[in-house]
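J.: The listed protein sequences correspond, in order, to chains A and B. FYI, in the working numbering the residues of the first sequence are 288 to 519. FYI, in the working numbering the residues of the second sequence are 288 to 519. Every residue, glycine too, gets a C-beta built ideally from N, C-alpha and C. Handing you this structure, nothing more for now.
2 protein chains.
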Amino acid sequence: MLYQTIKDALPTLAETSADKKTTGKLPSERQLQQQFNSTRVTVREALMRLEAEGVIYRQNRIGWFLCPKRLLWDPIQKVNFYQLAKNQGLHARTGLLACKKTQANSDICRAFALDGQSEFYEIYRIRYLDERPVMVEKIYCPAGQFPGLEDKALDGSITTIFQDDYRVKVSHEQSDIIVTALPDDKAEQLNLNGGAACLKIIRKRFNTNQELVDYNIEYWLHSAIEMRVQSN
Amino acid sequence: MLYQTIKDALPTLAETSADKKTTGKLPSERQLQQQFNSTRVTVREALMRLEAEGVIYRQNRIGWFLCPKRLLWDPIQKVNFYQLAKNQGLHARTGLLACKKTQANSDICRAFALDGQSEFYEIYRIRYLDERPVMVEKIYCPAGQFPGLEDKALDGSITTIFQDDYRVKVSHEQSDIIVTALPDDKAEQLNLNGGAACLKIIRKRFNTNQELVDYNIEYWLHSAIEMRVQSN
DNA sequence: CAGTGGTCTAGACCACGAT
DNA sequence: TCGTGGTCTAGACCACTGG
């Protein structure tokens, strides 16, 4: 199986392609095809397996790259994203893609115990680690509860805005985590390809009165993250 | 993209192929190729994407099947596997593949603060949900601490054996969780194909003295499991 | 033994990126 | 504009499953 051959050669490959000390880009698929005396379909199958393994990733229409180390995350701790990254020597950044008032699907309405006509803020954001896009998220919160939210600095910490501007404090949260494939529209935002493995996290955050504060849907590039949990 | 077409047709497909009330098996790749006027490579790409999504899975050289619902698991709770499954209407079973005394790799020795010459029990097991293989695990524990372990009923709860037969009580644990591809040897045991997405969980369990009791490496078929965690 | 999935070959066309 | 990745066609051989 070609996959093993390529895997063993990976370190060399990334080096040789490195014009200067560049980003760990692999040679083009056609170059690999020649080098390994194979065909493009086969080369791609091998690359996709390495992608599944979390060893390489690809950027849409750009090429294949070696994966940097994963961000270590504890789903129990309510830690600030920037702080978490910094502690691990990574630079975090958040980009705001959109913020609009809209209605939400039935799952979300039900979670808030609101009916289907209710208005929500939908905040669409993207997160980078060392300028590599690794996650997109949509945050839903009831519009009535956060007047003027669209004018806040939404490319920072939402938790801080809730707390400082609206006196709403998140006390605990629940995360649902599954492995799935990146939907095409999310992939596009991340400059990745639809179908890549990802972690889908649905996070519900509550205040001390057990009321839902916001509903968050995240898609993480699977090779960018590692989870560590501690039972008591 | 063919993938969407097939996805939409999935319910119909699983039905039509069902000889009797069978397991949700899809038609053969060649049948699909004809039905959708395409080629096998393309059909397979579409199927593999659906597999990545967690909608279908394949058994090695048998075919493609619709996925049953996922087992919901809380990595914080130290719940018995059988009980967990039962609560969710699933039937759990464990098979013992092997149990031997052996040396362990450096990661594991270091975790136990033992040197590379130390002997360990290595217990290799497989777990089924409704008779579908969904996980393989290797459990390592220091041989000296558990004399005669190989003669116990290792297809049941290890925790119970530790507690009842050796007076060793697990008090807390730490789990490391990443998404990766199923290695070929693990895939073989599961009757699956190497390269399928999986959850790899490394779990360390400690006694009340903060001493490591066992070291567990699990590979879960990704579409068989969903995680739910609650922060305090 | 017939049919299946696993793996591979040898091309093709298009849209987009880098230049 | 040229090369790249994204998608697809049309075959092939083999090992294994299931009847």
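Within 10 angstroms of its Cβ, does residue 406/B collect 16 or more other Cβ (buried), or is it exposed?
T.: exposed
J.: Please state if the CB of residue 512/A and the CB of residue 360/A are separated by a distance shorter than 7 angstroms.
T.: Annotated as proximal: residue 360/A and residue 512/A, with beta-carbon spacing under 7 angstroms.
J.: Please list, in chain order, the chain B residues whose beta carbon lies closer than 9 angstroms to that of residue 423/A.
T.: Within 9 angstroms of the CB of residue 423/A, no CB atom of chain B is found; the nearest one sits about 17 angstroms away.
J.: Please look up how many angstroms separate the CB atoms of residue 448/A and residue 501/A, rounded, as I've assumed it's under 8 angstroms.
T.: The Cβ separation is near 11 angstroms, so there is no contact.
J.: Do you know whose CA, among 401/A, 475/A, 416/A and 394/A, lies nearest residue 504/A's CA?
T.: 394/A
J.: If we ignore side chains and look at the alpha-carbon of each, how far apart do residue 377/B and residue 414/B end up?
T.: 12 angstroms
J.: So that I know if they touch, is there some Cβ in chain A lying closer than 7 angstroms to that of residue 505/B?
T.: It does not; no Cβ of chain A falls within 7 angstroms.
J.: Identify, in the order they occur along the chain, each residue of the same chain with its Cβ nearer than 6 angstroms to the Cβ of residue 471/A, setting aside the five sequence neighbours on each side.
T.: Beyond the five residues adjoining it in sequence on each side, residue 471/A comes within less than 6 angstroms, by CB distance, of 481 in the same chain, given in chain order.
J.: Can you name, in chain order, every residue of its own chain whose Cβ lies under 7 angstroms from the Cβ of residue 349/A, other than the five neighbours on each side?
T.: None.
J.: Quick one: which chain B residues come within Cβ less than 9 angstroms of residue 319/A?
T.: Result: empty, since nearest Cβ-Cβ is about 18 angstroms, beyond 9 angstroms.
J.: Can you round the beta-carbon distance between residue 339/B and residue 289/B to whole angstroms, since I take them to be within the 8 angstroms contact cut?
T.: About 15 angstroms separates the two Cβ atoms, so there is no contact after all.
J.: Classify residue 429/A as buried or exposed, calling it buried when 16 or more other Cβ atoms lie within 10 Å of its own Cβ.
T.: buried
J.: Could you pull out every residue in the same chain whose Cβ sits closer than 6 angstroms to the Cβ of residue 273/B, ignoring the five residues on either side in sequence?
T.: Nothing in the structure corresponds to residue 273/B, since chain B is present only between 288 and 519.
J.: Using beta-carbon positions only, say whether residue 516/B and residue 492/B come within less than 7 angstroms of one another.
T.: no
J.: Taking all protein chains shown into account, do 16 or more other C-beta atoms lie within 10 angstroms of the C-beta of residue 388/B, making it buried, or fewer, making it exposed?
T.: exposed
J.: How would you list, in chain order, the residues of chain A whose beta-carbon sits under 7 angstroms from the beta-carbon of residue 362/B?
T.: The answer, in chain order, is 516.
J.: Could you spell out the range, first to last residue, of the alpha helix (DSSP H) harbouring residue 501/B?
T.: Here residue 501/B belongs to no alpha helix (DSSP H); instead the beta strand (DSSP E) covers 499–508.
J.: If we cut at 7 angstroms on Cβ distances, does residue 455/B have a partner in chain A?
T.: no
J.: Tell me the rounded alpha-carbon separation between residue 476/B and residue 514/B.
T.: 24 angstroms
J.: By DSSP's criteria, residue 424/A is part of a beta bridge. Which residues make up the other side?
T.: Note: residue 424/A sits in a beta bridge opposite 412/A and 505/A.
J.: Comparing C-alpha positions only, which one of 370/A, 297/A, 314/A and 322/A sits nearest to residue 443/A?
T.: Measuring from the Cα of residue 443/A, the nearest candidate turns out to be 370/A.
J.: Quick one: using the 10 Å Cβ neighbour count with 16 as the cut-off for buried, is residue 466/A buried or exposed?
T.: buried
J.: Give me, in chain order, the residues of the same chain whose beta-carbon lies closer than 8 angstroms to that of residue 409/A; leave out the 5 immediate sequence neighbours on both sides.
T.: 385, 386, 387, 388, 389, 391, 425, 426 and 427
J.: Just to confirm the assignment: which complete beta strand (DSSP E) runs, minimum length 3, are found wholly within the stretch 434–471 of chain A?
T.: 459–468
J.: What does the alpha-carbon distance come out to for the pair residue 494/A and residue 490/B?
T.: 32 angstroms
J.: Just the Cα atoms here: how many angstroms apart are residue 422/A and residue 484/B?
T.: 19 angstroms
J.: Please work out which residues of its chain come closer than 8 angstroms, Cβ to Cβ, to residue 445/B, disregarding the five sequence neighbours upstream and downstream, and give them in chain order.
T.: These residues qualify, in order along the chain: 410, 426 and 501.
J.: Would you kindly report the start and end of the unbroken alpha helix (DSSP H) that includes residue 329/B?
T.: 327–340
J.: Check the Cβ-Cβ distances between residue 448/B and every residue of chain A, and say whether any is below 7 angstroms.
T.: no
J.: Could you work out which residues of chain A lie near residue 379/B, taking near to mean beta carbons separated by less than 9 angstroms?
T.: In chain order: nothing, as chain A lies at least about 20 angstroms away.
J.: Check whether chain A comes within 7 angstroms of residue 340/B, counting only Cβ atoms and requiring the distance to be less than that.
T.: At least one chain A Cβ lies under 7 angstroms of residue 340/B.
J.: With a threshold of 7 angstroms between beta-carbons, can residue 467/B be considered close to chain A, or not?
T.: yes
J.: Are any of the Cβ atoms in chain A nearer than 7 angstroms to that of residue 460/B?
T.: yes
J.: Tell me which residues share the same chain as residue 347/B and place their Cβ nearer than 8 angstroms to its Cβ, disregarding the 5 neighbours each side in the sequence.
T.: 474, 475, 478, 479 and 480
J.: To which residues of the same chain is residue 433/A closer than 6 angstroms at the C-beta, ignoring the five residues directly before and after it?
T.: Here the set comprises 453.
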